[in-house]
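Here is the structure we will look at, set down as structure tokens.
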Amino acid sequence: MQTLLNISNLCKNYRRSTGFFTSRQIIAFGPVNFTLERGKTLALMGKSGSGKSALIEAIAGITKPTFGEIYFKGRPLSTLSKKDRHKSIRMIFNDPIHSLNAKATIGTTLLLPLKLNTNLLAIEQKRQIKDVMKLVNLSSDYLNYYPNILSIYQLHQVAIARAMILNPEIIIADEVLATLDISLRFKIINLLLTIQEKRNISYIFISHNIKLARHLSDNIIVLNNGLIIKNTPV
Amino acid sequence: MSINDEFDKKQIRTPLHYIFQIFKKKVAAIIAVWIICTFLFIIIFADFIVSHSPSEQNMNALLLPPYWLKGGNTAYLLGTDELGRDNFSRLIMGIQRTLAGALIITAVVSFFGLILGALASSLKNFKASILHHLLDSLLTIPILLTALIFIVIFGSSFQNCLYAIAISLLPQFIRSIFLSIETEMAKPYIVALKIDSMSDLQLVKNVIYPNILEPLVTIINRVFTMAIIEITTLGFLGFGVQTKGTELGAIIANNFEFMYLSPILVLAPGITLFIIIFSFNVVAEGIRHAIIEAEQ
């Protein structure tokens, strides 16, 4: 079993100014340690404001941690180039409607990461896009559509396709299931699990639903006030 | 670009196409578009439209009324001024100068403003706050004052007048663009695109500008309106075009004292100005509403 992600002593502080010259430090999450293995799933739980989102933003590369290091396959992430990092760790946002550019077709949205991060030829890019659409069970007719005419379930499929387009090794899912009703939620869960089986990727889930987290994940981490208070295998 | 070649692309409407279709149904905006087209036609073919040279004087026909009134002459459609110059020709040349000047200013300010706004938006923390305060302090100086200072330093001519107005309008434009970009930057889809390793400048150019069309239309329309008002104001005050020159504000100033003898001398350029500004605003409002409706 290969360790994909090893997080050691990761911290994030925000500095909030309280006056002209004074500022106060707010700790988003304290020193955090955990590991993630290939093909496994990790569930992050905790009440709102416990630092879950800040933690996954730091892992995904949206924000920089103040202290500590994330090791990806034994190498520190800060030594990796931006492209390599974004290629191997992708993120699914919790709101597919607002995380898609409304002025771009689905095809353009899927093409962009390929153009920016890989040196593939146009034919290979097309093939990869069609492959990923097949993977998420979406007809490739949708590539020419704009996001506004797609249903919420289809938008979720597109969001997953967008995360999968670069063949990542880790996918971070930020409360993807929160906005869906129960039947669609199970469809998405099954889709994510089949993708995991086919491509052998690791997930980091954020969830508020403990039953769901137990079903999905191999390991549950509970955060409170930015610190891990529980790290249990299921 | 098409990724799926087998699919019939005609069925899909691009957002711009959609906006245009909604815009086409707005009667007032379409009428205003035709009025603007007429003015553009006048700008391009002004030299062929005028029947007399705008500075040609006829001592036998001083202060003639327009042709439909008693004593009018069809050779002078809108009558003549106190030196016997054809009012209609002067009006046409005035429209050409004022409107073309305003359009040039709008184009130049928009071009540089969009570039500088994009560059400004990529600044972070301390530099961004310095820029904010700098632009804020520039905004405290009235536009007309900035323009007047510039003209006093570099001398009064129509060209300097255009430079002065463009320079005085630029900070306001950059500030507005900067704010629109900043609010758009915080949206989740931008964060998602950043994870696709898109750089800030690429984001602003390819993603944010198409997404902030609605504020952009408002800002550009405001620049145009301000430009036309400033040009005519400077003309009226005699700083831009000299009073003997043809420019709508200068024509009004020149004819001001003869308003009681021949009201058409002041009414014609005044009403023309009103129509120009009004029609541009109607069109901008139409586009804005079309964009809002298309987004819903």
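Protein chains in written order, with this note's numbering: chain A, 2 to 235; chain B, 299 to 594.
All residues carry an ideal CB built from backbone N, CA and C; glycine is no exception.
Remember, it's a predicted structure, so these values are computed and weren't measured experimentally.
{"query": "For B:Thr312, the three-state DSSP class (helix, strand or coil)", "result": "coil"}
{"query": "Assigned secondary structure, A:Lys242 (DSSP; H/G/I helix, E/B strand, else coil)", "result": "Residue 242 of chain A lies beyond the range of chain A shown here (2 to 235); nothing can be said about it."}
{"query": "Straight-line gap, B:Met299 to A:Asn232 (C-alpha atoms, nearest Å)", "result": "Because B:Met299 carries a pLDDT of 48, less than 50, the predicted location of this residue cannot be relied on, and the following value inherits that uncertainty. Taking the straight line joining both Cα atoms gives about 48 angstroms."}
{"query": "Chain-ordered residues of the region 482-502 of chain B with a beta carbon less than 8 angstroms from chain A", "result": "Lys485, Pro486, Tyr487, Val489, Ala490, Leu491, Lys492, Ile493, Asp494, Ser495, Met496"}
{"query": "Straight-line Cα distance separating B:Thr444 from B:Gln470", "result": "12 angstroms"}
{"query": "Residues within the region 52-71 of chain A neighbouring chain B, beta-carbon criterion of under 9 angstroms", "result": "Glu58, Ala61, Gly62, Ile63"}
{"query": "A:Thr233 (DSSP reduced to helix, strand or coil)", "result": "strand"}
{"query": "Top-ranked residue by Cα proximity to A:Ser203, from A:Asn225, A:Ala179, A:Lys212, A:Asn168", "result": "A:Asn168"}
{"query": "CA nearest to the CA of B:Thr570, picked from B:Ile510, B:Leu397, B:Ile472", "result": "B:Leu397"}
{"query": "B:Tyr461 - containing alpha helix (DSSP H), residue span", "result": "456-483"}
{"query": "Proximity test, Cβ basis, 8 angstroms: B:Val515 and chain A", "result": "no"}
{"query": "Cβ of B:Asn423 within 8 angstroms of any chain C Cβ", "result": "Absent from the structure is chain C; the protein chains it does hold are A and B."}
{"query": "Cα-Cα separation, A:Met165 to A:Asp175", "result": "15 angstroms"}
{"query": "The region 54-68 of chain A touching the region 114-124 of chain A, judged by at least three CB pairs closer than 8 angstroms", "result": "no"}
{"query": "Cβ contact (3+ pairs, closer than 8 angstroms) linking the region 437-453 of chain B and the region 503-516 of chain B", "result": "no"}
{"query": "Distance between B:Ile393 and B:Glu555 (C-alpha atoms, nearest Å)", "result": "21 angstroms"}
{"query": "Residues of the region 114-139 of chain A with Cβ closer than 7 angstroms to any Cβ of chain B, in chain order", "result": "Pro114, Leu117, Asn118, Lys127, Ile130"}
{"query": "Any C-beta of chain B under 8 angstroms from that of A:His157", "result": "no"}
{"query": "Exposure label - B:Cys459; buried when at least 16 CB within 10 Å", "result": "buried"}
{"query": "For A:Phe35: DSSP bridge partner residues", "result": "A:Ile8"}
{"query": "Beta-carbon spacing of A:Lys13, A:Phe35 below 8 angstroms", "result": "no"}
{"query": "Rounded C-alpha distance that separates B:Ser474 from A:Lys65", "result": "30 angstroms"}
{"query": "For A:Met92, the residue or residues it bridges with in DSSP", "result": "A:Ile173"}
{"query": "Minimum C-alpha distance to B:Phe410 - residue among B:Phe476, B:Phe337, B:Val325", "result": "B:Phe476"}
{"query": "Residue interval of the alpha helix (DSSP H) (run including B:Thr396)", "result": "385-419"}
{"query": "Nearest to B:Arg586 (by Cα), restricted to the options B:Thr516, B:Tyr558, B:Ala373, B:Ile527", "result": "B:Thr516"}
{"query": "Residues from the region 76-104 of chain A in contact with chain B, defined by Cβ distance under 8 angstroms", "result": "Lys83, Lys84, His87, Arg91, Met92, Phe94, Asp96, His99, Ser100, Leu101, Asn102, Ala103, Lys104"}
{"query": "Nearest-angstrom Cβ-Cβ length linking B:Glu591 and B:Ile320, presumed shorter than 8 angstroms", "result": "5 angstroms"}
{"query": "Cβ-based neighbour list, B:Thr581, same chain, cut-off 7 angstroms, excluding 5 preceding and 5 following", "result": "According to the sequence as given, residue 581 of chain B is Val; it is not Thr. The residues are Ala327, Ala330, Val331, Ile334."}
{"query": "A:Ala103 (DSSP reduced to helix, strand or coil)", "result": "coil"}
{"query": "Beta carbon proximity, A:Tyr15 to chain B, threshold 8 angstroms", "result": "no"}
{"query": "Spatial neighbours of B:Thr372 in its chain, beta-carbon cut-off 8 angstroms, leaving aside the 5 residues before and after", "result": "Tyr365"}
{"query": "Cβ pair A:Leu194, A:His157 closer than 8 angstroms", "result": "no"}
{"query": "Range covered by the alpha helix (DSSP H) that runs through B:Ile549", "result": "546-553"}
{"query": "Supposed close pair A:His216, B:Tyr487 - CB separation, criterion 8 angstroms", "result": "In fact, because the Cβ distance is near 30 angstroms, the residues do not count as touching under 8 angstroms."}
{"query": "The region 138-153 of chain A: positions lying closer than 8 angstroms to chain B by Cβ", "result": "Ser141, Asp142, Leu144, Asn145, Tyr146, Tyr147"}
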